[in-house]
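Everything on this sheet refers to the single structure shown next.
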Amino acid sequence: MDLQTFYTTVSSISFTLLGLWWVVVQARAEWRTEPARRRMAYAVSLHFLLPGVMSVLSLVAPDVGLLWRVTFFSAGVLGVVGAISVLRTLREEYDAPRLARIIETVAIPVYALVALVALSPGSVTALIPGLTALQVEGIILAILIFGGVQLAWILMVEPAREPARESTREHTGGPAGKPPK
């Protein structure tokens with residue numbers, strides 16, 4: 125497949141998925157009011173937004189390697205930072221879906237790989253003969269979008285939650301069932 129066609133398709137898919145995800149988020153009020161759930165919804169958005177932006181900017185001037193390299197490197201770094209931030213939230217949330225934690229854990233090295241390939245595209249062609257750096261980046265983007273779709277599904281089918289309580293201790297009578305002081 126021609127790279128221009130591939131990246132055009134990826135950008136269309138990414139932005140369509142992003143729009144659909146925003147509709148889902150709009151329907152789940154607790155995702156907009158609870159900071160932890162807002163960060164999780166944002167993580168899903170990143171899985172669609174970053175590949176979409178990378179794809180569009182790789183099409184602007186495909187012959188100017190510096191443009192796609194800076195774009196992919198920046199997006200890779202943003203993806204790592206975003207995934208680490210969300211992973212912290214997922215660890216703090218006692219009832220966060222376990223598979224969501226796994227997906228975000230895997231996303232960190234995948235985003236790092238996006239940045240590394242952009243930083244040193246020549247090493248990719250040396251390691252993987254027959255593929256260009258942009259082709260390898262395309263494979264990585266497909267993996268990121270796949271992870272985003274899985275994460276979106278996991279969070280979308282999660283039952284709605286009651287608002288978080290001030291403290292479980294207050295409502296359970298404190299440690300060992302004793303009333304709080």
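Numbered according to the working numbering, the sequence shown terminates at residue 305, and the numbering increases by one at each position without gaps.
Glycine included, every Cβ here is placed at the ideal spot set by N, Cα and C.
- For residue 141, the uninterrupted alpha helix (DSSP H) run begins and ends at 127 to 151, by DSSP.
- Taken through DSSP and simplified to helix, strand or coil, residue 283 comes out as coil.
- Residue 181 sits in a helix when the DSSP states are folded into three classes.
- For residue 231, the closest C-alpha among the options 209, 156 and 133 is that of 209.
- Assignment of residue 188 by DSSP, reduced to helix, strand and coil, places it in the coil class.
- Going by beta carbons, residue 196 and residue 238 fall inside the 8 Å limit.
- Residue 155 places its beta carbon 8 Å or farther from that of residue 172.
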